[in-house]
DNA sequence: ACAATTAAAGAGTTTTATATCTTTAATAAA
DNA sequence: TTTATTAAAGATATAAAACTCTTTAATTGT
């Protein structure tokens, strides 16, 4: 596995996909999303239900229903998605999994690893979904499988 | 989970523990190691068997047997341990799990994430087990649970 | 040769992550 | 009010990770 769980990868891809596909009040269905980001539809549905319950994205049932994101949703940092799925360990945990690892009692990787974790936090926590999406809309970045 | 799998965390802790405990031809048993790093003994045994088969650490059976590391083992980068257990995805994979993500077809996180991955690679790949161990021996760092 | 000690190997079990399938509830449009 | 459409929810199923237990093999010292 990479840095994030597969579930979290799906979640982030789906969020970017929804952001990208639903300008101005439109919605996108689970089928389109799962095909668009190459993930199992039913599994992704569970993930999006979860994000929806937490208010990270929105959904509507019925004809022309689907998933969408409000301006408020778009202005959230990507870390909201990551923390909802993978928790905060990735931003806070010791590289060796030691509970007592701290500034005063550092593990052999502590200081250097902390710098890396901080950079990751800055990226994921400090950048809004909207701004990642702008690069997508500009064609500067891509979600191609 | 943090950045590394739990199995990988055990492996790294065990390697540091062995390095720390076996100066000059001594050996340390699985019981001592598993207690010292707070991991399940039988499970750790499997992990160390694996590392041993790959030549990352060494072992000897029988009375006064146990695990130890040669000078050559100590001079290896920590990445040998990580790659043996978790593979190379952590150093190479796309943050969103996209197969086609590349410089020419970057995902929304690509460039910033690449910088972070490179820093991680530099740390894990560019530092020998021995040099991490020196900080341990000097009491500058700790493996306390 | 024998007994004791230690890791290696084999064969599970349990837990968590990932994935699928079916049924229900909400909504919109005819 | 009926039908079609969509997400939500519930119930499993499968696979992978984490963990345990038992037996075997190698080595040492007596």
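Protein chains in written order, with my numbering: chain W, 234 to 378; chain X, 234 to 378. Yeah, the Cβ is synthetic: ideal placement off N, Cα and C, and Gly gets one too. For clarity, every value in this text was computed on a predicted model and none was experimentally measured.
Within the model, the alpha-carbon separation for residue 340 of chain W versus residue 329 of chain X is close to 29 Å. Taking a C-beta distance under 8 Å as the contact criterion, residue 301 of chain X and residue 374 of chain X do not qualify as a contact pair.
Around the CB of residue 338 of chain X, fewer than 16 other CB atoms lie within 10 Å, so the residue is classed as exposed. Using a Cβ-Cβ cut-off of 8 Å, residue 330 of chain W counts as an interface residue toward chain X, since at least one Cβ of chain X sits closer than that to its own. Residue W:249 holds the alpha-carbon nearest to the alpha-carbon of residue 363 of chain W among W:345, W:355, W:262, W:249. Secondary structure at residue 299 of chain W: strand, using DSSP grouped into helix, strand and coil. Chain-order list of chain X residues neighbouring residue 374 of chain W: 339, 340, 341, 343, by C-beta distance under 8 Å. Within a 10 Å sphere around the beta-carbon of residue 247 of chain X sit 16 or more other beta-carbons, which makes this residue buried. When DSSP reads this structure, residue 291 of chain W sits in a beta bridge with W:301. For residue 234 of chain X, the residues of chain W that pass the 7 Å Cβ criterion are 322, in the order they occur in the chain.
The beta carbon of residue 251 of chain W is closer than 7 Å to those of 261, 266, 290, 300, 301, 302 in its chain, skipping five residues each way along the sequence. Counting C-beta pairs closer than 8 Å gives three or more between the region 272-281 of chain W and the region 237-245 of chain W, which meets the contact rule. Within the region 280-313 of chain W, not one residue has a Cβ closer than 7 Å to any Cβ of chain X.
Within chain X, not a single residue places a beta-carbon under 9 Å from that of residue 316 of chain W; the smallest gap is close to 13 Å.
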